[in-house]
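Visitor:
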Amino acid sequence: MSDTTPGTPAEPTTAPGLSRRALLGIGGGVAAVAAAAGFGASRVAAQASAAAAASASPGTYAFTGARQAGVVTPAQDRLYLAAFDVTTDSRDELVALLRRWTTIAARLTQGLPAGPFGAASGPYDAPPDDTGEAADLPPAGLTLTFGFGRSLFVGTPAPDGTPGTDRFGLADRLPGGLVALPHFPADALDPARSDGDLVVQACADDPQVAVHAIRNLSRAAFGAATIRWTQLGYGRTSSTTTAQRTPRNLFGFKDGTANVKAEEPDALDEHVWVPASAADDDTADGVDSAWLTGGTYLVARRIRMLVETWDRTSLREQEALVGRNKGEGAPLSGGTEFTEPDFAATGRADAPLIATNSHVRLAHPDQNDGVRMLRRGYNFTDGNDSLGRLDAGLFFLAFVRDPRTHYVPMQNRLSGQDGLMEYLQHTGSGLFAVPPGVPDGALVLGPDGTPVDSDDGPFVGEALFA
Amino acid sequence: MSHRPTAALALAAALVLPLVAACVPNDPAASGDATTGGAITVASTGDACDVSTAEAPSGTLTFTVTNEGDDVTEFYLLGEDGLRVVSEVENIGPGLSRDLVVQARPGTYWTACKPGMVGDGIRAEFTVTDSGTEVGPTGDTAEQLAAAEASYVAYVKDQVGALVAGTQEFADAYAAGDDATARDLYAATRVHWERVEPVAESFGDLDPLLDLREADLEDGATWTGWHLVEKDLWQPTPDANGGVTYTPLTPEQRTAAAADIVANTAKLQEQVNDPAFTFEAFQIANGAKELLDEVATGKVTGEEEIWSHTDLWDFQANVDGAHVAYEVLADVVQERDADLADALDERFAELQDLLTAQGSVESGFTSYDDLTDAQVKELAAAVDALSEPLSRLTTTVTGA
């Protein structure tokens, strides 16, 4: 099995289900133990950590690799996303936090507890180094994806426009695409649900596994960063591989049919991964953003759906607003779900079959200079408002190579013209630069073969601080 | 006077610093038995104590002790003389496992299982080889800990003494209907209580009798103590009182409430002045953490003093108490885990800076309801930042 050679690069999983190669991407040294260690997905077993570290447990994705996991990874069913404010002004403390996070993420994503002792062992007079609620659960395909917000580089401007503070000496590393998003028509953003210095996207097939990850990362952040806002999501609203069925959003329609998929490497390079040329462009502005080459940008928008009014809208209007039929998701110009919409097709009185203000038309690449994005959104329901209406909607997540070309123009058009906007309200917003992954084999491993904290260990975004 | 013991203890702790050279590397890479990459296992039965290896490299050792017998068992790591207890785990019920994690220097030791918790135990020699890992001192901190316990008990007595005097003055003013004076004295007197609250809690019913909030009251139970009087001194509008018009206490009820607080406080003083009263090192360490938990759940949320909004006094007092508890133990912490000591020093200072920006016990604090949301969040973040390393204080002090 040549796949298990130590140091084999972990490629982003390109097939549905699980790649055995990906499981072993944690780094050299582990694979050798794996053969002897046998299997055991239980986190409880992690106390005998050699076995757990290397176990080719079903349901894990490699943490290390050229790209961070959680972008092209087949979209898991559940999300817990947390944005953090950095509370320290010390660059060293910030780096130490990223090191701790990297180690914990490398462990949790492989089904290991957050610390070497785990939830139910270790010194009896000390709190356990893992919080424990995921102890008997499988790894559930957990991925943890880290990103940096604009405020990390240049602080937050005051309401009167006074520029923010560059707390960490990063202003000249601010990539051009990490803009302050403009006010889009009809935005109703809550600052308490927007922005943040750091973001962590936890995706898993079990919500408790995702929440466990954020909880342990938040615990490791005390003293360096605090949670600014979080969002739970369920029911993925996008498919990121052709093997996944297109899911439905809370309007009841299939969503993300035209998504960029993992199986489209050219499209990923064109629309998702930040090219080296982006750094060249930034150089002209005196900015060194080469650290982001090979990374991506994450756009997060909390879009509340006014589902009560939507539900009393006729099927005719619903389909007209979306531009697809509700049953199959086929464009109203005809065909099946994956048939390309024909925007020129007309019906009676020469009216276009796909209305000019329909969502599918306005969001289509043809109407947006050919740009596409990799969407990875989730449905959410955060209880109800005081009027007894569901506070529910779509937590839109998209990975793009440059928000200036791949998000802002399209959102301006949608917010201004999309007929669906009558039923939508954008209530939260965030934009983050997602650096490339931690290279295979770079993690520092303890004697038990599992990742351990180290003063000079690798960390996500290391090139930014080089 | 309230700050003097703190300052004196800080000075004492500072003097210890130059003597400390060794530090415990907080390096999980060194944990466990290098031959297996994991914990050393110990199987304790009625007549055997099977240790998976008789030798391990110096550094952090983890013995995972499983009781495979029918009696409650204990496991000890003893020094070369077979007398000095390096570390121990007790009260392991049949079928259960527990870890003993210890910093071990090179040398000869004895392992011992004690099924039934009697006798000298089932012993075996255990060798710790030199791995090159630097290991701090272990074991012999008994004297330091005894000194810490004495210092802390003295602090408790001092605070309770001040509390008794202040309480009498407060109760007299309140019972006499001098509300202005009572309101002035309320928060500053309670400071002495809040500084040593874990001690009061250790006496069981005194804490609820003196410090129960109305929201904590069981339906039909009688409310006594400070917060009953607080509400009467800062009488709520019907809106803030569940829609019900507040009925002030009658002069007789006032007298009774005041007498009650004085009597219960006197009981507290009796208990701490009892020659048998001790507060052990682990209780001091746990108490420090508990005080910060109090801040995190009650004070930083403004729930403790919902009528007077004097939460920042309590906040400061809890932090004072935790700081003193840490400082009496600081030389032990410094020796065993210098990184932890540094982190605690820094984070106590950061939290104190935020509190100082809002006032002091002497000059008064900003009313809780005048704090902005951003200020509350900043304080909460500093409390969390301190509480996380503080949660490792007990294990560092006890070595268990």
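Sequences listed follow chains A and B, in order.
Letter 292 of the first sequence, counting from 1, is numbered 284 in the numbering used here, and no numbers are missing.
The numbering used here runs 18 ahead of the 1-based position in the second sequence.
Even for Gly, the Cβ is constructed at its ideal location relative to N, Cα and C.
Is the CB-CB distance between residue 488(A) and residue 253(A) below 8 Å?
Guide: The question about residue 488(A) has no answer here: the residues shown for chain A are numbered -7 through 458.
Visitor: Per the contact definition of three or more C-beta pairs closer than 8 Å, is the segment 108 to 120 of chain A in contact with the segment 158 to 172 of chain A?
Guide: Touching, no.
Visitor: So the candidates are 223(B), 245(B), 222(B), 225(B); which of them puts its Cα closest to the Cα of residue 233(B)?
Guide: Checking every option, the nearest Cα to that of residue 233(B) belongs to 245(B).
Visitor: Starting from the Cα of residue 460(A), find the closest Cα among 68(A), 446(A), 209(A) and give me that residue.
Guide: No answer is possible for residue 460(A): it lies beyond the span of chain A, which begins at -7 and ends at 458.
Visitor: Contact criterion: CB-CB distance below 8 Å. Does residue 387(A) meet it with respect to chain B?
Guide: Residue 387(A) does not count as touching chain B.
Visitor: Tell me whether residue 108(B) sits in a helix, a strand or coil according to DSSP, three-state version.
Guide: Residue 108(B) falls in the strand class under three-state DSSP.
Visitor: Within 10 angstroms of the Cβ of residue 332(B), are there 16 or more other Cβ atoms? Answer buried if so, exposed if not.
Guide: So residue 332(B) ends up on the buried side.
Visitor: Determine the direct distance from the alpha carbon of residue 280(A) to that of residue 173(A), and round the result to whole angstroms.
Guide: If I take the Cα positions, the gap works out to 21 Å.
Visitor: Which residue comes first and which comes last in the beta strand (DSSP E) that contains residue 435(A)?
Guide: Careful: residue 435(A) lies outside any beta strand (DSSP E) and carries neither H nor E.
Visitor: Classify residue 292(A) as helix, strand or coil using the three-state DSSP reduction.
Guide: Residue state, collapsed to three classes: strand.
Visitor: Name the residues in the segment 106 to 119 of chain A whose C-beta lies less than 8 Å from a C-beta of chain B; which are they?
Guide: Listed in sequence order: 107, 108, 109, 113, 114, 115, 116, 117, 118, 119.
Visitor: Going by the CB atoms, is the gap between residue 139(A) and residue 424(A) shorter than 8 Å?
Guide: Closer than 8 Å, so yes.
Visitor: Please decide whether residue 319(B) counts as near chain A, where near means a Cβ-Cβ distance under 8 Å.
Guide: It does not; no Cβ of chain A falls within 8 Å.
Visitor: Assuming residue 464(A) and residue 97(A) form a contact by the criterion Cβ under 8 Å, report the distance between their Cβ atoms to the nearest whole angstrom.
Guide: Any question about residue 464(A) goes unanswered here, given that chain A covers just -7 to 458.
Visitor: Just checking: is the beta-carbon of residue 79(A) within a distance shorter than 8 Å of some beta-carbon in chain B?
Guide: So yes, residue 79(A) belongs to the interface.
Visitor: Under the three-state reduction of DSSP, which class applies to residue 265(A): helix, strand or coil?
Guide: In this structure, residue 265(A) counts as coil in the three-state DSSP scheme.
Visitor: Closest to residue 80(B) by C-alpha separation, out of 210(B), 118(B), 379(B), would be which residue?
Guide: When only C-alpha atoms are compared, the closest one is 118(B).
Visitor: According to DSSP, which residues form a beta bridge with residue 367(A)?
Guide: Its beta-bridge partners are 390(A).
Visitor: Just verifying my parser: in three-state terms, what is the DSSP assignment at residue 215(B)?
Guide: Residue 215(B): helix per DSSP, three-state reduction.
Visitor: Run through the DSSP bridge pairs and tell me what residue 140(B) is partnered with.
Guide: 131(B).
Visitor: Quick one: what's got a C-beta closer than 8 Å to residue 187(B)'s C-beta in the same chain, skipping five residues either side?
Guide: 203, 207, listed in sequence order.
Visitor: Does the structure place the segment 130 to 148 of chain B close enough to the segment 88 to 102 of chain B that three or more beta carbon pairs sit under 8 Å?
Guide: The segment 88 to 102 of chain B vs the segment 130 to 148 of chain B: in contact.
Visitor: Can you tell me whether residue 271(B) is buried or exposed, with buried defined as 16 or more other CB within 10 angstroms of its CB?
Guide: Counting Cβ neighbours within 10 Å, residue 271(B) comes out exposed, since fewer than 16 surround it.
Visitor: Since residue 356(B) meets chain A, which of its residues come closer than 7 Å, beta carbon to beta carbon?
Guide: Near residue 356(B) there are no residues of chain A at all, since even the closest Cβ is about 15 Å away, more than 7 Å.
Visitor: Quick one: is residue 200(B) near chain A, going by C-beta distance under 8 Å?
Guide: No - not a single Cβ of chain A is within 8 Å of the one on residue 200(B).
Visitor: Taking 8 Å as the threshold, find out whether the segment 186 to 196 of chain A comes into contact with the segment 72 to 82 of chain A through three or more Cβ pairs.
Guide: Touching, yes.
Visitor: Measure the beta-carbon distance from residue 334(B) to residue 373(B) and round it to whole angstroms, keeping in mind my assumption that it falls under 8 Å.
Guide: The Cβ separation is near 5 Å, so the contact holds.
Visitor: Between which residues of its own chain and residue 454(A) is the CB-CB distance below 6 Å, once the five residues before and five after are set aside?
Guide: Once the five neighbours on either side are set aside, residue 454(A) has no close Cβ partner at all.
Visitor: Quick one: is residue 315(A) buried, meaning 16 or more other Cβ sit within 10 Å of its Cβ, or exposed?
Guide: Label assigned to residue 315(A): buried.
Visitor: Quick one: give me the first and last residue of the alpha helix (DSSP H) that residue 287(A) is part of.
Guide: Unbroken run through residue 287(A): none, as it is neither H nor E.
Visitor: Answer with yes or no whether the minimum CB distance from residue 110(B) to chain A is below 8 Å.
Guide: No, residue 110(B) lies away from the interface with chain A (no Cβ there is under 8 Å from its Cβ).
Visitor: Taking the continuous alpha helix (DSSP H) assigned at residue 352(B), which residues delimit it?
Guide: That run of the alpha helix (DSSP H) goes 329 to 354.
Visitor: At which residue ranges does the segment 77 to 142 of chain A contain complete alpha helix (DSSP H) runs of 4 or more residues, listed in the order of the chain?
Guide: Listed in chain order, they are 83 to 100.
Visitor: Does any CB atom of chain A fall closer than 8 Å to the CB of residue 116(B)?
Guide: By this cut-off, residue 116(B) is an interface position.
Visitor: Against chain A, does residue 410(B) count as a neighbour if the rule is that its beta carbon must be under 8 Å from one of theirs?
Guide: Cβ-Cβ to chain A under 8 Å: yes for residue 410(B).
Visitor: Within a Cβ cutoff of 8 Å, which residues of the same chain sit near residue 210(B), ignoring the five residues on either side of it in sequence?
Guide: These residues qualify, in order along the chain: 20, 177, 178, 180, 181, 184, 335.
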